[in-house]
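A.B. asks: Numbering (the numbering used here), first residue to last: 3 to 363.
Before we start, here is the structure in question, set down as structure tokens.
Listed below in structure tokens is the structure:
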């Protein structure tokens, strides 16, 4: 069977990239009028899977102990309805629920920050997830039991959140300033003079950023600062900017190319989907089957398996030695890291499997 076109073919079969309908759009008849009632959708719309099941969130953290501890989460749905939590556990208990099946959740730079807290919760609570990492960055996560997807808006825009209002024409919105270093247990009920510039990360700002900050700070420094009020106001503003900017970005893609970009994981994936839907000509881009069938592995795993082979004088089959073994259990086929004499070898990486000696958290 050809791994690309999934058809039984001759040995000399030549396979090419195939045209494919982009996801998230609607047909020319626009039969997607009632988003919730798919019984009236045509086959094209059912395949495309138009949806408005999106939510946007941001977390704020207390880092006085040296570890980031979430003490505020604000979540907005597609319409802007807001839900607030004061810790990540309550947010996750609310999120991972049958009510949110098939939702896609977005955060800005979630791969390097926000998603890490959710991933930790899933690991501790035995919620099965599929993940895609880019180094240590979690660029995609999917909670399998709920079909909840987590994607990072920065993988589509490469813009800092503060540039969203200008980029997407949200003139009434502005990303404000917040003294993140002032977010400590002692200051949660603080009401008094404005925190010093240091607490806003002033020393790490560029000269241009300092000028803009000074201009704002000089207008408010003599006013009374209510930490809780400003805390929620700042986080709420960030989520609103994220939601409004992402939905405008999505609207433009639907209008111009009839594709929902957030059905994909990165902007590169969106561009490829548009190309395959609208521009790819038949039998023009060949598919190398050797590349498709290449097994995924780490250098450390191969080194470990080769060491076992030499130590015990056996020929262990793995990704670089005859390819990974496929085993059929019931109606499903599984690939294993290594195989020899009816014995399966699995390389348990410290990070991916939570080895407590190396990764205490």
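All C-beta atoms, glycine included, are put in the ideal place defined by N, C-alpha and C.
What you are looking at is a predicted structure, and each value in this text was computed from that prediction instead of being measured.
1. Look at the Cβ atom of residue 57, then the Cβ atom of residue 105, and state whether they are nearer than 8 angstroms.
2. Is it the case that the region 155-169 contacts the region 185-204, given that we only count it when at least three CB pairs across the two stretches are under 8 angstroms?
3. Please classify residue 119 as buried or exposed, where buried requires at least 16 other C-beta atoms within 10 Å of its C-beta.
4. Taking the alpha helix (DSSP H) that residue 271 falls in, what are its first and last residues?
5. Roughly how many angstroms lie between the CA atoms of residue 243 and residue 352, to the nearest whole one?
6. Below 8 angstroms, how does it come out for the region 95-112 and the region 152-162: are there three or more Cβ pairs, yes or no?
7. Do residue 17 and residue 34 have their CB atoms nearer than 8 angstroms?
8. Less than 8 angstroms between C-beta atoms, sequence neighbours within five positions excluded: which residues of the same chain meet that for residue 175?
9. Please report the distance separating the alpha-carbon of residue 9 from that of residue 305.
10. Sort 225, 217, 151, 74 by Cα distance to residue 266 and report the nearest one.
11. With a cut-off of 8 angstroms, do at least 3 Cβ pairs link the region 245-262 to the region 24-34?
12. Quick check on residue 258: buried or exposed, where buried means 16 or more other Cβ atoms within 10 Å of its Cβ?
13. For residue 179, collect the residues of the same chain with a Cβ closer than 7 angstroms to its Cβ; drop the 5 residues on either side in sequence, then sort them by chain order.
14. Go ahead and pull the three-state DSSP assignment for residue 153.
15. Using alpha carbons as the reference points, say which of 250, 346, 113 lies closest to residue 138.
16. For the beta strand (DSSP E) containing residue 49, name the first residue and the last one.
17. Pull up the CB-CB distance for residue 299 and residue 317, whole angstroms please, since I reckon it's below 8 angstroms.
18. Rounded to the nearest angstrom, how far is the Cβ of residue 64 from that of residue 77, given a contact under 8 angstroms?
19. If you draw a straight line from the C-alpha of residue 62 to the C-alpha of residue 287, how long is it?
20. In whole angstroms, what separates the C-alpha of residue 197 from that of residue 43?
21. Compare the C-alpha of residue 275 against each of 103, 19, 70 and name the closest.
22. May I have the straight-line CA-CA distance separating residue 184 from residue 41, to the nearest angstrom?
23. Can you list the beta strand (DSSP E) stretches of 3 or more residues lying completely in the region 60-84, in chain order?
24. Give the C-beta separation of residue 132 and residue 146 to the nearest angstrom, bearing in mind that I take them to be a contact with Cβ-Cβ under 8 angstroms.
25. Answer with buried or exposed for residue 248, where buried requires no fewer than 16 other C-beta atoms within 10 angstroms of its C-beta.
26. For residue 94, count the other beta carbons within 10 Å of its own beta carbon; 16 or more makes it buried, fewer makes it exposed. Which is it?
27. Along the beta strand (DSSP E) that carries residue 288, what are the first and last residues, could you check?
28. So is the beta-carbon of residue 327 under 7 angstroms away from any non-hydrogen atom of the ligand MG?
29. Go through the region 290-344 residue by residue and report every complete run of the alpha helix (DSSP H) that reaches 4 residues or more, in order.
30. Within a Cβ cutoff of 6 angstroms, which residues of the same chain sit near residue 269, ignoring the five residues on either side of it in sequence?
31. Whole angstroms is fine: what's the gap from residue 172's alpha carbon to residue 164's?
32. In this structure, what does DSSP give as the bridge partners for residue 228?
33. What do you get for residue 253, buried or exposed, if any count of 16 or more other CB atoms within 10 angstroms of its CB means buried?
34. Could you spell out the range, first to last residue, of the alpha helix (DSSP H) harbouring residue 34?
C.D. replies: Considering the structure as presented:
1. As a first step, residue 57 must be located in the chain shown, where it is residue number 55. As a first step, residue 105 must be located in the chain shown, where it is residue number 103. Taking 8 angstroms as the Cβ cut-off, residue 57 and residue 105 qualify as a contacting pair.
2. By the C-beta criterion, the region 185-204 is judged not to be in contact with the region 155-169, since fewer than 3 inter-stretch pairs fall below 8 angstroms.
3. As a first step, residue 119 must be located in the chain shown, where it is residue number 117. By the neighbour-count rule (16 or more Cβ atoms within 10 Å), residue 119 is buried.
4. One-based indexing of the chain shown puts residue 271 at position 269. That run of the alpha helix (DSSP H) goes 269-280.
5. Along the chain shown, one-based indexing puts residue 243 at 241. Along the chain shown, one-based indexing puts residue 352 at 350. Per the coordinates, the alpha-carbon of residue 243 lies some 38 angstroms from the alpha-carbon of residue 352.
6. The region 95-112 is in contact with the region 152-162.
7. Locating residue 17 in the chain shown gives position 15, counting from the first residue. Locating residue 34 in the chain shown gives position 32, counting from the first residue. For residue 17 and residue 34, no; Cβs fall outside 8 angstroms.
8. By one-based count along the chain shown, residue 175 stands at place 173. Exclusion of the five residues before and after residue 175 leaves 166, 167, 239, 242, 243, 246 as the residues of its chain whose Cβ lies within less than 8 angstroms of its Cβ.
9. Residue 9 sits at position 7 when you count from the first residue of the chain shown. Residue 305 sits at position 303 when you count from the first residue of the chain shown. The alpha-carbon of residue 9 is positioned some 36 angstroms away from that of residue 305.
10. For this step, residue 266 is matched to residue 264 along the chain shown. With distances taken between Cα atoms, residue 266 lies closest to 151.
11. Under the 8 angstroms Cβ criterion, the region 245-262 counts as touching the region 24-34, having at least three qualifying pairs.
12. Along the chain shown, one-based indexing puts residue 258 at 256. Answer is exposed; the Cβ neighbour count stays below 16.
13. The residue you call residue 179 lines up with position 177 of the chain shown. The residues are 202, 215, 218.
14. The sequence position of residue 153 within the chain shown is 151, counting from 1. Note: residue 153 maps to strand in three-state DSSP.
15. Residue 138 sits at position 136 when you count from the first residue of the chain shown. For residue 138, the nearest C-alpha among the options comes from 113.
16. Taking the first residue of the chain shown as 1, we reach residue 49 at position 47. Note, residue 49: premise wrong, no beta strand (DSSP E); alpha helix (DSSP H) at 45-50.
17. Looking up residue 299 in the chain shown gives position 297. Looking up residue 317 in the chain shown gives position 315. Not confirmed; about 17 angstroms, so no contact.
18. Walking along the chain shown from the start, residue 64 turns up at place 62. Walking along the chain shown from the start, residue 77 turns up at place 75. Residue 64 to residue 77, Cβ: 19 angstroms. No contact.
19. For the purposes of this step, residue 62 is identified with residue 60 of the chain shown, where counting begins at 1. For the purposes of this step, residue 287 is identified with residue 285 of the chain shown, where counting begins at 1. Going by the C-alpha atoms only, they are around 47 angstroms apart.
20. The count along the chain shown starts at 1 and reaches residue 197 at position 195. The count along the chain shown starts at 1 and reaches residue 43 at position 41. Going from the Cα of residue 197 to the Cα of residue 43 covers about 55 angstroms.
21. Here residue 275 refers to the residue found at position 273 of the chain shown. Selection 103, 19, 70 evaluated against residue 275 yields 19 as nearest (Cα-Cα).
22. One-based indexing of the chain shown puts residue 184 at position 182. One-based indexing of the chain shown puts residue 41 at position 39. Taking the Cα positions, residue 184 is about 53 angstroms away from residue 41.
23. If you keep only unbroken beta strand (DSSP E) runs of at least 3 residues inside the region 60-84, you get 71-79.
24. By one-based count along the chain shown, residue 132 stands at place 130. By one-based count along the chain shown, residue 146 stands at place 144. Correct: roughly 6 angstroms between the Cβ atoms.
25. Position 246 of the chain shown, counted from the first residue, corresponds to residue 248. Residue 248 should be labelled buried.
26. One-based indexing of the chain shown puts residue 94 at position 92. So residue 94 ends up on the buried side.
27. If you number the chain shown from 1, residue 288 lands on position 286. Counting along the chain, residue 288 falls outside any beta strand (DSSP E), and DSSP gives it neither H nor E.
28. With respect to small molecules bound, the structure shown includes none, and the ligand MG cannot be examined in it.
29. Listed in chain order, the complete alpha helix (DSSP H) runs (minimum 4 residues) inside the region 290-344 are 291-294, 301-314.
30. For the purposes of this step, residue 269 is taken as the residue at position 267 of the chain shown. Around residue 269, the same chain offers 158 as residues with beta carbons nearer than 6 angstroms, after the five sequence neighbours per side are excluded.
31. In the chain shown, counting from the first residue as 1, residue 172 sits at position 170. In the chain shown, counting from the first residue as 1, residue 164 sits at position 162. Their Cα atoms are separated by approximately 11 angstroms.
32. Translated into the one-based positions of the chain shown, residue 228 becomes position 226. Partner(s): 193.
33. Sequence index remark: in the chain shown, residue 253 carries index 251 (1-based). Around the Cβ of residue 253, a 10 Å sphere holds fewer than 16 other Cβ atoms; the residue is exposed.
34. Position 32 of the chain shown, counted from the start, is the residue given in the question as residue 34. Membership of residue 34 in any alpha helix (DSSP H) is not indicated, and neither H nor E is assigned to it by DSSP.
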